[in-house]
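For reference, the structure discussed in these notes is given below.
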Amino acid sequence: MTWPACDNPWLLLLAGFAVLPWLRSRSIAHASGSVSHMPMDKLATRLLMLSNTLASLAIIAMALGIAGLHKPAHQVDRVGTGAHVVLLIDRSRSMDQPFATERNAMVGAAVAGFESKGRIARRVLSEFVSNRTNDMFAMVAFSTFPIPVLPLTGKQAIVQGAISSGDFGRGLSQTNMAAGLERALEYFTNEPYTGSRIVLLVSDGAAHIDGVTRRDLTELLEVSRASLYWIYIRSRNGPTLFGEDEDYSPERSLHDFFAATGAPYRAYTAESSSDLKRAVNDVNRLQNLPLHYAEQIPRLPLQHICFLIAACCLLPLLFLRATEVRQW
Amino acid sequence: MGVTVPFVSTVRRQLTLPVLLLVLATGLLFLCARGISVERPYQVLRALVVFDITQSMNVPDVRVGQRLETRLAASKLKMSALLQRLPCGSDIGIGIFTGHRSFVLFTPVDVCEHYDEINQVIKSIDWRMAWAARSEVAKGIHSGLLVATEIGLDTRLIFLTDGHEAPPVSAQFPPKYKGTPGDTRGAIIGVGGDAALRIPKFDPNGKFLGYWRASEVQQIDSYTAGRPVGGHETMSGVEDTDIEARISAGQEHLSSLKQGYLQGLAKGLALDYHRSTAQLETVLLSDSIASSKTGQLDISRYLAALALLFIVLHFLWPQRSEKN
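Residue numbers (the numbering used here), protein chains in the order written: chain D, 3 to 330; chain E, 490 to 813.
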């Protein structure tokens with residue numbers, strides 16, 4: 003329960019004027035000079051009581067409104083369905099290379115206007131995020147070192163702002179995916195388990211992870227109980243993750259390693275929009291455990307209600323005053 | 490029909506000044522209940538704030554309250570404090586600088602709506618995010634300006650740095666800005682002390698390893714140093730008579746706030762320069778950097794106060810005058 007508060011509590015002193023109507027009603031009595039001149043009128047007395055009460059109420063309501071009565075912003079614990087998603091974004095130089103669409107393949111990288119892998123990745127992510135409005139998102143960018151970009155938040159604008167930041171400037175140097183993955187999983191390891199956990203990796207996968215690190219990652223994945231989703235951004239002429247291809251590529255090796263960790267793992271390619279839809283649908287289907295989250299309830303101003311109450315109190319008072327008989 | 494005339498006369502008789510006050514008060518209050526606002530211009534800041542996270546920023550020489558903080562920690566504290574004081578409607582984005590470029594973490598978002606998030610991001614900024622060991626400040630500021638221009642919507646650049654260039658820049662061939670100075674306005678905020686101090690060295694886990702020694706850093710600019718073949722092969726046109734002496738006299742392993750250098754950079758790029766000890770919220774909400782927005786100012790409370798005054802007058806109105 004959040005109690006209402008005032009912006010300027012000292013203005014509540016204005017409520018002291020509420021005694022005014024009662025002082026005046028005494029002065030009327032005196033003004034008449036002699037009580038015996040006044041007809042005994044129970045109705046009049048009651049009406050006077052009523053009008054004084056209304057006037058006092060109006061003055062108190064006005065004082066509350068002028069002092070800025072409001073219900074402060076606060077958090078409410080809610081349970082919904084959604085997931086905690088750490089977006090793990092590859093910001094290495096290789097992501098500036100052209101993406102493997104047919105159009106790109108035909109025009110070639112030499113022609114201006116090709117879409118880089120990074121740009122595709124950002125579009126895919128942006129769409130994913132806007133399709134999952136109930137999820138909490140965090141972001142880690144990685145290159146030579148992981149860069150934690152955003153804490154877990156439910157606010158779409160800042161998540162989109164973090165995704166679009168990749169549009170400015172070129173990629174950084176190396177691809178150290180393992181360090182990025184470790185940093186992403188750290189978001190979960192020290193937190194209570196309050197909902198589905200997903201690490202959504204967006205990368206062209208040109209990375210090598212050594213044996214020791216593989217063991218560490220497997221353990222981290224198990225401890226954090228996170229699922230791993232990899233949106234594979236294939237380079238032009240790059241290897242595919244699935245299919246008959248017998249060539250052993252770093253991408254394929256990474257895919258096999260993720261599949262062998264024992265953690266829930268899925269891989270998608272970003273080559274068609276249906277693939278992305280499949281990713282969103284899978285998350286919808288698989289990651290709808292109850293999610294505890296704190297909803298931010300914004301400040302609720304109550305001053306206008308105060309003024310309405312005051313005005314409503316004054317209306318009958320006005321009627322009484324206007325029909326009051328002062329002269330005999 | 491016959492009723493009309495006495496009614497009007499009754500109204501006239503009854504519409505005394507006290508009753509009129511009551512009528513006005515009631516009317517005002519109904520307006521207030523609907524909410525009345527006026528348009529009002531106010532100053533907001535829309536900026537990309539870039540933190541220098543290079544190693545010289547780990548020098549602890551900025552006094553914050555009772556304590557000495559590192560330049561980076563002081564920058565972060567200063568920006569957190571600024572964040573609290575910026576008016577709603579201001580947009581802040583965050584970037585980090587190392588190597589030769591500014592790297593955007595997120596593009597500007599509303600400070601009131603995202604206060605917690607922005608604050609947490611500022612807190613999490615760490616020198617270990619650096620992807621390169623160099624600190625080419627001028628190029629970093631240039632890239633920050635280009636990014637801010639690209640983000641558009643009159644985004645300003647606020648660049649917090651100590652101005653320590655590593656490797657040093659050539660006086661003859663300073664880095665050139667590709668944009669037009671003045672395209673993007675903003676401010677360079679100088680962080681650090683005046684005395685040249687040793688730069689601490691840490692391992693990637695944050696363990697203190699000692700200080701950078703004179704022999705471990707590049708003491709002269711790359712143009713003068715040239716290619717490392719058999720001593721030095723300096724680029725043509727560069728003064729190279731006393732290179733060895735200059736190297737041995739080099740002080741690049743020590744670091745202080747390079748105010749003069751940053752002021753010069755700021756001037757050349759049509760930016761403001763302030764030291765971090767300045768009242769940043771005042772200087773950054775000044776006309777040269779802030780943008781003007783028109784907001785709705787709810788004036789219901791002031792009108793309600795007027796209504797209250799009418800009510801008070803109504804009740805204080807002398808009653809005796811109404812007697813015959």
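Quick reminder that beta carbons are idealized off the backbone N, C-alpha and C, glycines included.
Note that the structure is a prediction, hence the values are computed from the model and not measured.
Could you check if Gly582/E is buried or exposed, using at least 16 other CB atoms within 10 Å of its CB as the buried criterion? On the second sequence, residue 582/E is found 93 positions in, with the first residue counted as 1. With 16 or more other Cβ atoms within 10 Å, it is buried.
Who pairs with Gly816/E in a beta bridge, going by DSSP? No answer is possible for residue 816/E: the residues shown for chain E start at 490 and end at 813.
Count the C-beta pairs between the segment 679-692 of chain E and the segment 542-550 of chain E that are closer than 8 Å, then say yes if the count reaches three, no if not. yes
Please return the same chain residues whose Cβ sits closer than 8 Å to the Cβ of Arg301/D, not counting the five positions on each side in sequence. By 1-based counting over the first sequence, the position of residue 301/D is 299. Answer for Arg301/D: His72, Lys73, Pro74 and Ala75, listed in chain order.
Endpoints, alpha helix (DSSP H) assigned at Ala123/D: Numbered from 1 along the first sequence, position 121 holds the residue referred to as residue 123/D. Ala123/D -> alpha helix (DSSP H) spans Lys119 to Asn133.
What runs of the alpha helix (DSSP H), each 4 residues or longer, lie entirely inside the segment 146-203 of chain D? 158-166 and 179-191
9 Å is my cut-off, CB to CB: does Leu174/D come that close to chain E? Within the first sequence, residue 174/D is the residue found at index 172, counting from 1. By this cut-off, Leu174/D is an interface position.
Distance, Cα to Cα, Leu509/E vs Lys782/E? The residue you call residue 509/E lines up with position 20 of the second sequence. The residue you call residue 782/E lines up with position 293 of the second sequence. Taking the straight line joining both Cα atoms gives about 39 Å.
Own chain partners of Val21/D with C-beta closer than 6 Å, once the 5 adjacent residues on each side are dropped: Locating residue 21/D in the first sequence gives position 19, where the first residue counts as 1. Cβ neighbours of Val21/D beyond the five flanking positions: none.
Assess contact between the segment 127-146 of chain D and the segment 551-570 of chain E, defined as three or more Cβ pairs (one per stretch) separated by less than 8 Å. Is contact present? no
Does the count of Cβ pairs from the segment 577-594 of chain E and the segment 523-534 of chain E closer than 8 Å reach three? yes
Can you say whether Cys315/D is buried or exposed, counting buried as having 16 or more other CB atoms within 10 angstroms of its CB? To locate residue 315/D, count along the first sequence from 1; it is residue 313. It is buried - the Cβ of Cys315/D has at least 16 other Cβ atoms within 10 Å.
Quick one: which chain E residues come within Cβ less than 7 Å of Ser373/D? Any answer about residue 373/D is impossible in this case: the structure gives chain D only from 3 up to 330.
Would you verify that the beta carbon of Pro507/E is, or is not, closer than 9 Å to some beta carbon of chain D? As a first step, residue 507/E is located in the second sequence; it is residue number 18 there, counting from the start. Yes, because at least one Cβ of chain D sits closer than 9 Å to the Cβ of Pro507/E.
Pairwise C-alpha distance: Pro148/D and Ala619/E: For this step, residue 619/E is matched to residue 130 along the second sequence. For this step, residue 148/D is matched to residue 146 along the first sequence. Computed Cα separation, rounded: 9 Å.
Does the pairing of the segment 661-681 of chain E with the segment 640-649 of chain E give three or more beta-carbon distances under 8 Å? yes
Do Ala514/E and Leu797/E have their CB atoms nearer than 9 Å? As a position in the second sequence, residue 514/E is number 25, starting the count at 1. As a position in the second sequence, residue 797/E is number 308, starting the count at 1. Yes, the pair counts as a contact, with Cβ atoms nearer than the cut-off.
Three-way DSSP call (helix, strand, coil) for Trp232/D in this model: Residue 232/D sits at position 230 when you count from the first residue of the first sequence. Of the three classes helix, strand and coil, the one that applies to Trp232/D here is strand, per DSSP.
Any C-beta of chain E under 9 Å from that of Ala313/D: Stepping through the first sequence from its first residue, residue 313/D is reached at position 311. For Ala313/D, the answer is yes, since a Cβ of chain E falls inside 9 Å of its Cβ.
If we call anything under 9 Å between Cβ atoms a contact, is Ile678/E one with Thr650/E? Against the second sequence, residue 678/E aligns to sequence position 189. Against the second sequence, residue 650/E aligns to sequence position 161. In this structure, Thr650/E lies closer than 9 Å to Ile678/E by Cβ.
For a contact meaning CB atoms closer than 9 Å, what does His603/E contact in chain D? Here residue 603/E refers to the residue found at position 114 of the second sequence. Per Cβ cutoff of 9 Å: Thr155, Lys157, Ala159, Ile160 and Gly163.
Apply the 10 Å Cβ neighbour rule to Glu741/E and answer buried if 16 or more other Cβ atoms are within range, or exposed otherwise. Within the second sequence, the letter at position 252 stands for residue 741/E. Under this definition Glu741/E is a buried residue.
Against chain E: residues of the segment 116-147 of chain D by CB proximity under 7 Å: Ser145, Thr146 and Phe147
Closer than 8 Å, Cβ to any Cβ of chain E: which residues of the segment 51-79 of chain D, in chain order? Ala57, Ala60, Ile61, Met64, Ala65, Gly67, Ile68 and Gly70
Could you tell me which residues DSSP puts in a beta bridge with Ile677/E? Position 188 of the second sequence, counting from 1, holds the residue named residue 677/E. For Ile677/E, which the question treats as bridged, DSSP gives the partners Phe648/E and Tyr762/E.
Looking at C-alpha atoms only, which residue of Gly70/D, Ala46/D and Ala57/D is the closest neighbour of Ile307/D? Start at 1 with the first residue of the first sequence, and residue 307/D comes out as number 305. Nearest of Gly70/D, Ala46/D and Ala57/D to Ile307/D, Cα basis: Gly70/D.
For the segment 602-646 of chain E, which segments carrying the alpha helix (DSSP H) assignment without a break, of at least 4 residues, lie completely within its bounds, in sequence order? 604-613 and 626-640
Could you tell me the distance, in whole angstroms, from the CA atom of Ser121/D to the CA atom of Thr669/E? Counting from one through the first sequence, the residue named residue 121/D turns up at place 119. Counting from one through the second sequence, the residue named residue 669/E turns up at place 180. Per the sequence shown, the amino acid found at residue 121/D is Arg instead of Ser. Their backbone Cα atoms lie some 27 Å apart in a straight line.
If we define contact as Cβ-Cβ less than 9 Å, is Val527/E a contact residue for chain D? To locate residue 527/E, count along the second sequence from 1; it is residue 38. It does not: the Cβ of Val527/E has no partner Cβ on chain D nearer than 9 Å.
Taking only three categories from DSSP, how would you classify Lys690/E? Position 201 of the second sequence holds residue 690/E. DSSP places Lys690/E in strand when its eight states are reduced to three.
Starting from Tyr791/E, trace the alpha helix (DSSP H) both ways and give me its first and last residue. For the purposes of this step, residue 791/E is taken as the residue at position 302 of the second sequence. Its alpha helix (DSSP H) spans residues Ser789 to Leu805.
Please confirm whether Ala793/E has its beta-carbon closer than 9 Å to some beta-carbon of chain D. Sequence index remark: in the second sequence, residue 793/E carries index 304 (1-based). Taking Cβ atoms only, chain D reaches closer than 9 Å to Ala793/E, which makes this a yes.
Element boundaries [alpha helix (DSSP H), containing Val508/E]: In the second sequence, counting from the first residue as 1, residue 508/E sits at position 19. Segment Leu506 to Arg523, the alpha helix (DSSP H) holding Val508/E.
So, under 8 Å CB-CB, Gly641/E and Leu746/E are touching, yes? Tell me the CB distance rounded to an integer number of Å. Start at 1 with the first residue of the second sequence, and residue 641/E comes out as number 152. Start at 1 with the first residue of the second sequence, and residue 746/E comes out as number 257. With 8 Å as the limit, Gly641/E and Leu746/E do not qualify as a contact, their Cβ atoms being about 32 Å apart.
Just verifying my parser: in three-state terms, what is the DSSP assignment at His86/D? The sequence position of residue 86/D within the first sequence is 84, counting from 1. In this structure, His86/D counts as strand in the three-state DSSP scheme.
Mind pulling the chain D residues with CB within less than 7 Å of Met618/E? As a working note, residue 618/E is residue 129 in the second sequence. Result: Phe147 and Ile149.
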